[in-house]
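These notes are about the structure you will find just below.
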Ligand code: PHE
């Protein structure tokens, strides 16, 4: 229990925090979205820009969000209202809660596909398919609306079930077991993928940058992907930060979570591209990449039935640990600001999200719009406002005290301040406006 506000739920310790925050960060964004966005945006050059954004902007934004949450001890809306009373900074919280609705809506559709693939794996329905048949299966999964809605709602229900139990007994308990397992499976897949014949073309695509592919839009995609993947710019990290005890290091947490997240994204790329090239499949086939390419590898490997099943189970788990963080943003807001009991707040939030999710399942353009608006507009804008808030509005005494609340001097403090005051706001604003074609 936290000493200053004994009634607030919290994570029990370091491993719990990192598992929960990395659980939020690591998800469909790493394994499903990252490889296909990279595939559509030129491969290696995209990877380099992405890495630069994670380190230069992602980590400082994450530290900023953690410190806002922990010092305020509130949900994302309440936190800004408490730290800047009488000002309009709480609008960041409003945007964050809105983004949570949009993201979870399309996210649960993809998670629904993942659950469907667990079912297909159990029944061995993918065995023996040619690559073309694999594509047909995936198209079938998307076009059968009833099925899509069924799996999407099942996923939403599962998410609500965990969130309703609270932070330590719900979120932390599950993520602690599930995240290490995910790492193990992805490592096994890496070994299989890179030892396939013809794998090196895929490694080339991933690691050899071709800068002619870079346009302002690609740079915005990389920024949006970094924000999406790190779960920053919309309040998840502020909310989780509010559950972290004062004795924990915020800089260390942000760095570990960001590195884990980036590591898993790169490993997902190494699992997928060599296999895609080995099977002569285009790397830029969009959202189907993970649902088409990987089952092909499973068909080729000894024990493929088991690995395929494990992979989709784990992908579902990665999706759950992220979706619970999205739902938690809204539930923390409902319980603290609207004073709803936790269980009721959880079901109401999940109910509204389910309606939006069904819209996404039924209509590909709604799906695409929710994804674009949240990842490429709301998250970068949220991140921009967060760094401006921490760099220019919050008193530096408070910022420093919060970062050093664990009793250790933060040697990186000056660098951090320089980035959040100047580098990050300018970089985010330039990429953002340029990507939208406004400058
Ligand atoms: N980071 C998650 C993923 O990569 C998605 C997410 C985005 C979760 C924003 C929370 C907030 O899958």
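Residue numbers (the working numbering): -10 to 428.
Using N, Cα and C, we set each Cβ at its ideal position, and we do this for glycine too.
Below-8 Å beta-carbon distance, residue i vs any chain B residue
i           : result
residue 108 : The structure shown contains no chain B; it is built from a single protein chain.
Beta-carbon proximity list for residue i, same chain, < 7 Å, skipping 5 on both sides
i           : result
residue 104 : 140, 143, 144 and 305
residue 291 : none
residue 293 : 287
residue 106 : 280 and 301
residue 7   : 242, 245 and 246
residue 351 : 134
residue 399 : 240, 392 and 393
residue 332 : 153
residue 428 : 422
residue 429 : Given that the chain is displayed from residue -10 to residue 428, the structure contains no residue 429 and the question cannot be resolved.
residue 99  : 17 and 21
residue 3   : 237
residue 39  : 211, 214 and 215
Residues of its chain near residue i, where Cβ-Cβ distance is below 6 Å and the 5 sequence neighbours each way are ignored
i           : result
residue 377 : 414
residue 79  : 66, 69 and 70
residue 224 : 65, 85 and 318
residue 335 : 149, 152, 153 and 320
residue 356 : 95 and 349
residue 249 : 11
residue -5  : Caution is warranted here: a pLDDT of 44 is assigned to residue -5, below 50, making its placement in the model unreliable, and the coordinate value is therefore given only provisionally. Hits under 6 Å: none found.
residue -8  : Residue placement at residue -8 cannot be trusted, given a pLDDT of 43 that sits under 50; what the coordinates show is reported in the next sentence. Excluding residues within five positions, none has a Cβ falling inside 6 Å.
residue 203 : 34
residue -10 : Since pLDDT at residue -10 reaches only 38, below the 50 mark, its modelled position is unreliable, and the value read off the structure follows with that caveat. So no residue of the chain qualifies.
residue 97  : 141, 144, 145 and 346
residue 251 : 43
residue 408 : 49
Beta-carbon proximity list for residue i, same chain, < 8 Å, skipping 5 on both sides
i           : result
residue 418 : 373
residue 341 : 90
residue 230 : 54, 55, 56, 57, 58, 59 and 239
residue 88  : 222, 223, 224, 363, 367, 368 and 371
residue 347 : 138, 141 and 142
residue 406 : 380, 385 and 388
residue 192 : 183, 259, 262 and 263
Integer-rounded CB distance, given that residue j should sit under 8 Å from residue i
i           : j           : result
residue 311 : residue 254 : Their Cβ separation, rounded to whole angstroms, is 13 Å, which puts residue 311 and residue 254 out of contact at 8 Å.
residue 515 : residue 266 : Limits of the chain in this structure are -10 at one end and 428 at the other, which puts residue 515 out of reach.
residue 63  : residue 325 : 6 Å
residue 174 : residue 299 : 5 Å
residue 120 : residue 278 : Not really, about 12 Å apart at Cβ, beyond 8 Å.
residue 338 : residue 367 : Their Cβ separation, rounded to whole angstroms, is 18 Å, which puts residue 338 and residue 367 out of contact at 8 Å.
residue 31  : residue 302 : Going by Cβ atoms, the distance from residue 31 to residue 302 rounds to 32 Å, so no, they are not a contact pair.
residue 43  : residue 247 : 6 Å
residue 161 : residue 9   : 5 Å
residue 272 : residue 194 : 6 Å
residue 33  : residue 198 : 4 Å
residue 147 : residue 309 : 6 Å
residue 115 : residue 297 : 7 Å
residue 81  : residue 375 : 6 Å
residue 73  : residue 382 : 6 Å
residue 395 : residue 232 : The pair is not a contact, with the Cβ atoms about 15 Å apart (cut-off 8 Å).
residue 214 : residue 26  : 5 Å
- Task: Output the residue ranges of the alpha helix (DSSP H) runs that lie fully inside the segment 85 to 132 and measure 4 residues or longer, sorted by chain position.
- Result: 120 to 132
- Message: To test your reading of the DSSP string, which unbroken alpha helix (DSSP H) runs of 4 or more residues are found completely within the segment 148 to 186?
- Response: 162 to 183
- Query: Within the structure, which residues are defined as neighbours of the ligand PHE by a Cβ-heavy atom distance below 6 Å, reported in chain order?
  - Reply: 13, 14, 16, 17, 18, 19, 92, 217, 218, 220, 223, 225, 311, 314 and 315
- Task: Run through the segment 233 to 280 for me and flag every whole alpha helix (DSSP H) of 4 or more residues, listed as ranges in chain order.
- Result: 239 to 267
- Along the chain, which unbroken stretches of the alpha helix (DSSP H) at least 4 residues long are found entirely within the segment -10 to 64? 3 to 14, 23 to 29, 33 to 42 and 48 to 61
- 4-residue-minimum alpha helix (DSSP H) runs that sit fully inside the segment 187 to 223, ordered along the chain: 189 to 196 and 205 to 219
- Go through the segment 308 to 342 residue by residue and report every complete run of the alpha helix (DSSP H) that reaches 4 residues or more, in order. none
- Message: Which runs of the alpha helix (DSSP H) at least 4 residues long sit entirely within the segment 378 to 404? Give them in chain order.
- Response: 385 to 392
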